[in-house]
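The numbers in full-length UniProt numbering rise by one with no breaks, and the one at position 245 of the sequence shown is 245.
See below for the structure under consideration.
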Amino acid sequence: MNKTVLQLTDISFDYKTTKADTSNPILRNFNLTMLDGEFISIIGPSGSGKSTLFRLITGLEQPTTGDVLINGINYQNRFGRVGYMPQEDLLMPWRTVLDNATLPLEIKGVNKKEAYQKVNYLLDEFGLKGYANSYPSELSGGMKQRVSFLRSVLNGSELLLLDEPFSALDAITKLSMQEWLLKQWQALNKTILFITHDVNEALFLSDRILLITNSEKQVEEFNVPLSRPRNLRDLNKQTVIELKDQLIDQLRGR
């Protein structure tokens, strides 16, 4: 039986307003259990609380109520226990691919020689062979995201939070990166929580999809009716098309 990697229990969060002593509800009684090796996507309109949820999981924000458990423990400091990859690659322009990727190892106190050896070993697997000494300005959007993902993996956590990492890419590169991400996820045996606005992307990547509505902050869960391994043609299956239509209708409030 797979162990529970992430447990969110009755998570609520409000941003306090300054003009009046009122609050702006972002999340209400949110619950989630993620098992080891799962891939779950979260979709919902802007302002529904998706990115705030990630900030709560990483510890950048604290919930108004509820608990965030990583491997069954409510850590006060979750630094290094969760890998986070934002929408922007956030690579340091003055550092090479090698030096950008080794950053989490540096922070952990790993000596430079050992860090370089570890990253050099992984560059080929991440499609970055020959780019160790390149700077971010010399990379395509897809290559930058590969470096960013490698850096997140080197954090060492089994749980990765990916916040719309492919949204800025062109359509062809985006499809290629989705296929690449699935291969990396399966090879690395990570647990991934993924935010996207793209319903097709959520269907292709995920085991389950969580849909957060904007008005009542309700969360609905949908199992993706696809086995693994899978390919993009599987999105043409009738059961998947029907689920896609259902998700789009609910996103539109129908």
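Each residue gets a CB set at the ideal place from its N, CA and C atoms; glycine is no exception.
If you compare alpha carbons, which of the options is closest to residue i?
| i | options | result |
| --- | --- | --- |
| residue 246 | 39, 233, 224, 112 | 224 |
| residue 167 | 72, 189, 178 | 178 |
| residue 253 | 211, 241, 221 | 211 |
| residue 162 | 73, 11, 39, 26 | 39 |
| residue 36 | 207, 121, 139 | 207 |
| residue 157 | 140, 185, 133 | 185 |
Give the DSSP bridge partners of residue i, in chain order.
| i | result |
| --- | --- |
| residue 41 | 194, 209 |
| residue 143 | BP columns for residue 143 are empty, so no partner. |
| residue 34 | 6 |
| residue 64 | According to DSSP, which records beta bridges pairwise, residue 64 is partnered with nothing at all. |
| residue 12 | 65 |
| residue 73 | 70 |
| residue 162 | 85, 194 |
| residue 93 | Residue 93 pairs with nothing; no bridge assigned. |
| residue 219 | 212 |
Which of the three DSSP states is assigned to residue i in this structure?
| i | result |
| --- | --- |
| residue 121 | helix |
| residue 136 | helix |
| residue 104 | helix |
| residue 82 | coil |
| residue 246 | helix |
| residue 251 | helix |
| residue 226 | coil |
| residue 18 | Interpretation of residue 18 is limited by its pLDDT of 49, a score under 50 that renders its predicted location unreliable; no figure is taken from the coordinates. |
| residue 27 | strand |
| residue 168 | coil |
Kindly give me the distance between the Cβ atoms of residue i and residue j, rounded to whole angstroms, as I take these residues to be in contact under 8 Å.
| i | j | result |
| --- | --- | --- |
| residue 82 | residue 57 | 6 Å |
| residue 64 | residue 14 | 5 Å |
| residue 8 | residue 68 | 6 Å |
| residue 6 | residue 34 | 4 Å |
Does the distance from the C-beta atom of residue i to that of residue j stay below 8 Å?
| i | j | result |
| --- | --- | --- |
| residue 191 | residue 164 | no |
| residue 90 | residue 147 | no |
| residue 27 | residue 46 | no |
| residue 132 | residue 175 | no |
| residue 103 | residue 118 | no |
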